[in-house]
Amino acid sequence: QVQLVESGGGLVQAGGSLRLSCAASGRIFSIDNMGWFRQAPGKQRELVAVITNRGSANYADSVKGRFTISRDNAKNTVYLQMNSLKPEDTAVYYCQAQQIVAYWGQGTQVTVSS
Numbered sequence: 047q048v049q050l051v052e053s054g055g056g057l058v059q060a061g062g063s064l065r066l067s068c069a070a071s072g073r074i075f076s077i078d079n080m081g082w083f084r085q086a087p088g089k090q091r092e093l094v095a096v097i098t099n100r101g102s103a104n105y106a107d108s109v110k111g112r113f114t115i116s117r118d119n120a121k122n123t124v125y126l127q128m129n130s131l132k133p134e135d136t137a138v139y140y141c142q143a144q145q146i147v148a149y150w151g152q153g154t155q156v157t158v159s160s
C-alpha cells in the first residue's frame with residue numbers, strides 16, 4: 047500500500063499563488079506517473095497536471111502557463127505551483143500516484159476569492 051498526504055491548500059485572492067505538496071510513503075518500489083486532479087462542487091474530477099518519473103509533464107489547457115508540476119523522486123514528493131489563480135480554480139485538489147495501481151490522497155481545498 048502507498049499512502050499520499052497532500053498539503054498547501056487554502057484561501058487566496060484572485061491573482062495570487064499557492065503551492066501544493068504531496069508526499070508518498072509506504073510500500074514504495076517504483077512510482078510511475080504522479081499527478082494532480084481537482085473536483086469542483088457539482089462537477090466531475092478532472093486532470094490538472096501529470097508528470098512522469100523522468101520529469102515529462104502535461105497540463106490541462108485551463109492551467110497551462112499558470113501552473114507548474116514538479117517532483118522530487120528521492121523524496122517521493124510531487125508539487126504543484128499555482129500562479130495567477132482564478133475563482134474557477136476553486137476545487138478540492140487530489141494527488142494521485144501510480145505504482146501498478148493508482149493511489150489517491152485525501153484532497154486539499156483550494157479556494158480562490160474574486
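For the sequence shown, the positions run 47 to 160 when this note's numbering is used. By construction, the Cβ of each residue, glycine as well, lies at the ideal position given by its N, Cα and C atoms.
(request) Alpha carbon to alpha carbon, how far is Q145 from V138? Give it in angstroms, no decimals. (result) 23 Å
(request) Please list, in chain order, all residues of the same chain as N79 whose beta carbon is under 6 Å from its beta carbon, the five residues on each side excluded. (result) V96, T98 and Q144
(request) Determine the direct distance from the alpha carbon of Q127 to that of G61, and round the result to whole angstroms. (result) 13 Å
(message) Quick check: what's the CA-CA separation for G56 versus I115?
(response) 18 Å
(request) Note down the Cα distance separating N129 from A120, rounded to an integer number of angstroms. (result) 25 Å
(request) Would you kindly report the start and end of the unbroken beta strand (DSSP E) that includes L57? (result) L57 -> beta strand (DSSP E) spans G56 to Q59.
(request) Could you tell me the distance, in whole angstroms, from the CA atom of F75 to the CA atom of C141? (result) 18 Å
(request) Can you say whether G111 is buried or exposed, counting buried as having 16 or more other CB atoms within 10 angstroms of its CB? (result) exposed
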